[in-house]
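*Asks:*
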Amino acid sequence: MQILIALDSFKGSITSVEANRCLYDVLKDKHEVICKAIGDGGEGTMEAIKDSLNGEIINIRVSGPLGNKIDSQYAICNDTAVIEMARCAGIVLLKKEELNPLYTTTYGVGEMIRDALDKGCRKFIICIGGSATNDGGMGMLKALGYRFYDINHREVSNNGLGLKDLYSIDNSEYDKRLDDCHFTVASDVTNPLCGINGASYVFARQKGADEKTIALMDKWLENYAAISGFNPDIKGAGAAGGLGFALKHYLNAQMLKGIDLVIKYTGIEEIIKDADLVICGEGKIDYQTLSGKAPVGIAKLAKKYHKRVITVGGSIEYTPELDEYFDEYYKIMDYSLNLDDALTNVREYLRIIGHKINNSLKE
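Numbering (the working numbering), first residue to last: 9 to 371.
#1: Taking Cβ to Cβ, would you say A234 is nearer than 8 Å to L201?
#2: Please determine, among E278, I159 and N239, the residue with the shortest C-alpha to C-alpha distance to D178.
#3: Give the DSSP-derived three-state secondary structure of C30 in the structure shown.
#4: Specify the secondary structure class of R95 as computed by DSSP and reduced to three states.
#5: With the cut-off set at 8 Å, would you say T319 and C288 are in Cβ contact?
#6: Using the rule of at least 16 other Cβ atoms within 10 Å of the residue's Cβ for burial, across every protein chain shown, is S299 buried or exposed?
#7: Between Y357 and C43, what straight-line distance do the alpha-carbon atoms span, to the nearest angstrom?
#8: CB-CB under 6 Å to I324, same chain, minus the five flanking residues each way: which ones, in chain order?
#9: Output the distance between the C-alpha atoms of I68 and K131, rounded to the nearest integer angstrom.
#10: To the nearest angstrom, report how far apart D218 and L229 are at their CA atoms.
#11: Quick check: is any heavy atom of the ligand SAM less than 7 Å from the C-beta of P240?
#12: Between the alpha carbons of A45 and D335, how many angstroms are there, rounded?
#13: May I ask you to verify whether the segment 295-313 touches the segment 265-282, counting CB pairs closer than 8 Å and requiring at least 3?
#14: Can you name, in chain order, every residue of its own chain whose Cβ lies under 6 Å from the Cβ of N28, other than the five neighbours on each side?
#15: Is E336 helix, strand or coil by DSSP?
#16: If you reduce the DSSP assignment to three classes, tell me which class E325 lands in.
#17: How many angstroms separate the CA atom of G72 from the CA atom of K150?
#18: Assuming G291 and G321 are in contact, meaning their beta carbons sit under 8 Å apart, how far apart are those beta carbons, in whole angstroms?
#19: Taking the alpha-carbon of K243 as reference, which of Q214, S24, R213 and A194 has the nearest alpha-carbon?
#20: Runs of 3 residues minimum, wholly inside the segment 283-323: which ones carry the beta strand (DSSP E) assignment?
#21: Starting from the Cα of G50, find the closest Cα among G138, V164, E64 and F191 and give me that residue.
#22: Which same chain residues, not among the five before or five after I57, have their C-beta less than 6 Å away from its C-beta?
#23: For the beta strand (DSSP E) that R155 lies in, which residues bound it at each end?
#24: Helix or strand or just coil, what does DSSP make of D79?
#25: Who are the near neighbours of C85 in its chain, counting only those whose CB is closer than 7 Å to its CB and skipping five residues on each side?
#26: Starting from T53, follow the alpha helix (DSSP H) in both directions and report where the run begins and ends.
#27: According to DSSP, which residues form a beta bridge with I133?
#28: From Y182 to L152, what distance separates their C-alpha atoms?
#29: Only counting runs of 3 or more residues, tell me where the beta strand (DSSP E) segments fall wholly within the segment 209-284, in order along the chain.
#30: Could you give the first and the last residue of the continuous alpha helix (DSSP H) run that contains S368?
#31: Bridge partners for R69 per DSSP, in chain order?
#32: Tell me whether Y209 is buried or exposed, calling it buried when 16 or more other Cβ atoms sit within 10 Å of its Cβ.
#33: For V317, which of I365, V164, K265 and T113 has the nearest alpha-carbon?
#34: Short check: CB of C129 to CB of D173, under 8 Å?
#35: Hey, would you say G176 sits closer than 8 Å to Y157, going by beta carbons?
#36: DSSP on V197, reduced to helix/strand/coil?
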């Protein structure tokens, strides 16, 4: 039996590559198994594209989410830079007590873009899941030469709080090399920049904001959009705390679903055509999975070719609509003692699930 394993990362515990390997180690002795790292714009997406295109990892020291210098990485694949914003502005880089979108910045993303420009790249894939920020992408733009001033013509801070005092924007010193660039954004978020469905109200709470701060930040982003002169309501503008807005309007980026972009660059469709079984999944399978998350993206492609699909999750909140895509379900919480145990021993439980799947298959 030919099996494709294409698990997304289990956030906070294991990468896509590591998760795939756990099942591979169990299934490889009895079956022909291929693993493909995937992502939907969040962590692991850069690795998935880099591995498929035989890209090169670039080590770089940039500003982290709180502005302090950190060691990070992006990839160059031929003439294309693949940047995962979570590697310099991600929520996983902060301790729980450090989370506060007033003080986090996307400045490091701009530094990565600038470094790639210096290396000759003019095509960019920016993966914008997993952010700790709510600065509207202002930090990134500042690193690329845009200037943001208060009413007294003093530069505002690089973070979300800087938007509070924003009065004017000066683009006279932006990096003119950007005019020759093409940006593609990988994201699974379609929210607008502002309003009850926008960046602040939907996502800022998990980044450490309270209700009062959320309401204030939403007003600041609305003001930022008005000063920019750009539409805040386009799909995806609210991704990564408004980074989607900056990429779309200032850098003329094309917005794509992360999983669609990964499918395009990894050639996974050809592998699915020849597979007898497809195994996909991620940390949590629920109704949100239906809105363009990686498992459904993979499963939809598999169903196009009438393939059997198994999904594996850390937890699964079943809804009947999932049955359109998945034939069988396995979840770690069926075997673990509690959430902490599941996160700590995820590899062991994935191997247990691998054995369960193996026992259900004909050799």
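Cβ atoms here follow ideal geometry from the backbone N, Cα and C, with glycine treated the same way.
*Replies:* In terms of the structure at hand:
#1: As a working mapping, residue 234 is identified with position 226 in the sequence shown. As a working mapping, residue 201 is identified with position 193 in the sequence shown. No, these two residues do not count as a Cβ contact at 8 Å.
#2: In the sequence shown, the residue the question calls residue 178 occupies position 170. Of the candidates E278, I159 and N239, the one whose C-alpha sits nearest the C-alpha of D178 is I159.
#3: Position 22 of the sequence shown holds residue 30. Here C30 sits in helix by DSSP.
#4: Here residue 95 refers to the residue found at position 87 of the sequence shown. Helix at R95.
#5: Position 311 of the sequence shown holds residue 319. Position 280 of the sequence shown holds residue 288. Contact: yes.
#6: Locating residue 299 in the sequence shown gives position 291, counting from the first residue. Looking at its Cβ environment, which holds fewer than 16 other Cβ atoms inside 10 Å, S299 is exposed.
#7: On the sequence shown, residue 357 is found 349 positions in, with the first residue counted as 1. On the sequence shown, residue 43 is found 35 positions in, with the first residue counted as 1. Each residue's Cα considered, the two are about 18 Å apart.
#8: Taking the sequence shown and counting its residues from 1, the one referred to as residue 324 is at position 316. Once the five neighbours on either side are set aside, the close Cβ partners of I324 are I293, Y337 and K339.
#9: Along the sequence shown, read from residue 1 onward, the residue named residue 68 stands at position 60. Along the sequence shown, read from residue 1 onward, the residue named residue 131 stands at position 123. Spanning the two alpha carbons is a distance of roughly 19 Å.
#10: In the sequence shown, residue 218 corresponds to position 210, counting from 1. In the sequence shown, residue 229 corresponds to position 221, counting from 1. Taking the straight line from one Cα to the other gives about 16 Å.
#11: The ligand SAM is not among the ligands present in this structure, which contains no ligands whatsoever.
#12: The residue given as residue 45 occupies position 37 in the sequence shown. The residue given as residue 335 occupies position 327 in the sequence shown. The alpha-carbon atoms of A45 and D335 are separated by roughly 21 Å.
#13: yes
#14: One-based indexing of the sequence shown puts residue 28 at position 20. So the list reads I13, L15 and C43, once near-sequence residues are dropped.
#15: Within the sequence shown, the letter at position 328 stands for residue 336. E336 falls in the strand class under three-state DSSP.
#16: By one-based count along the sequence shown, residue 325 stands at place 317. If DSSP states are grouped into helix, strand and coil, E325 belongs with coil.
#17: Position 64 of the sequence shown, counted from the first residue, corresponds to residue 72. Position 142 of the sequence shown, counted from the first residue, corresponds to residue 150. Straight-line Cα distance between these residues: approximately 15 Å.
#18: Here residue 291 refers to the residue found at position 283 of the sequence shown. Here residue 321 refers to the residue found at position 313 of the sequence shown. Confirmed, about 7 Å.
#19: Position 235 of the sequence shown, counted from the first residue, corresponds to residue 243. Taking only the C-alpha atoms, the option nearest K243 is A194.
#20: 285-293
#21: As a working mapping, residue 50 is identified with position 42 in the sequence shown. Nearest C-alpha to G50: G138.
#22: In the sequence shown, the residue the question calls residue 57 occupies position 49. Taken in chain order, the residues that qualify are V90 and Y273.
#23: As a first step, residue 155 must be located in the sequence shown, where it is residue number 147. Unbroken beta strand (DSSP E) run through R155: R155 to Y157.
#24: The sequence position of residue 79 within the sequence shown is 71, counting from 1. Strand.
#25: As a working mapping, residue 85 is identified with position 77 in the sequence shown. Excluding sequence neighbours, C85 sits near I57, K58, L61 and G63.
#26: Position 45 of the sequence shown, counted from the start, is the residue given in the question as residue 53. If you look at T53, you'll find it in the alpha helix (DSSP H) that goes T53 to S60.
#27: In the sequence shown, residue 133 corresponds to position 125, counting from 1. Beta-bridge partners assigned by DSSP to I133: V90 and T192.
#28: Here residue 182 corresponds to residue number 174 of the sequence shown, with the count starting at 1. Here residue 152 corresponds to residue number 144 of the sequence shown, with the count starting at 1. Spanning the two alpha carbons is a distance of roughly 6 Å.
#29: 262-265
#30: Counted from its first residue, the sequence shown places residue 368 at position 360. That run of the alpha helix (DSSP H) goes V354 to S368.
#31: Taking the sequence shown and counting its residues from 1, one reaches residue 69 at position 61. In the DSSP output, where bridge partners are listed per residue, R69 has D79.
#32: Your numbering for residue 209 matches position 201 in the sequence shown. Counting every other CB atom within 10 Å of its CB across the protein chains shown gives Y209 a total of 16 or more, marking it as buried.
#33: As a working mapping, residue 317 is identified with position 309 in the sequence shown. Looking at the Cα atoms, I365 is the closest of the given residues.
#34: The sequence position of residue 129 within the sequence shown is 121, counting from 1. The sequence position of residue 173 within the sequence shown is 165, counting from 1. No, these two residues do not count as a Cβ contact at 8 Å.
#35: Here residue 176 refers to the residue found at position 168 when the sequence shown is read from its first residue. Here residue 157 refers to the residue found at position 149 when the sequence shown is read from its first residue. The question names Gly, yet the displayed sequence has Ser at residue 176. In contact: S176 and Y157 (Cβ atoms closer than 8 Å).
#36: The residue you call residue 197 lines up with position 189 of the sequence shown. If DSSP states are grouped into helix, strand and coil, V197 belongs with coil.
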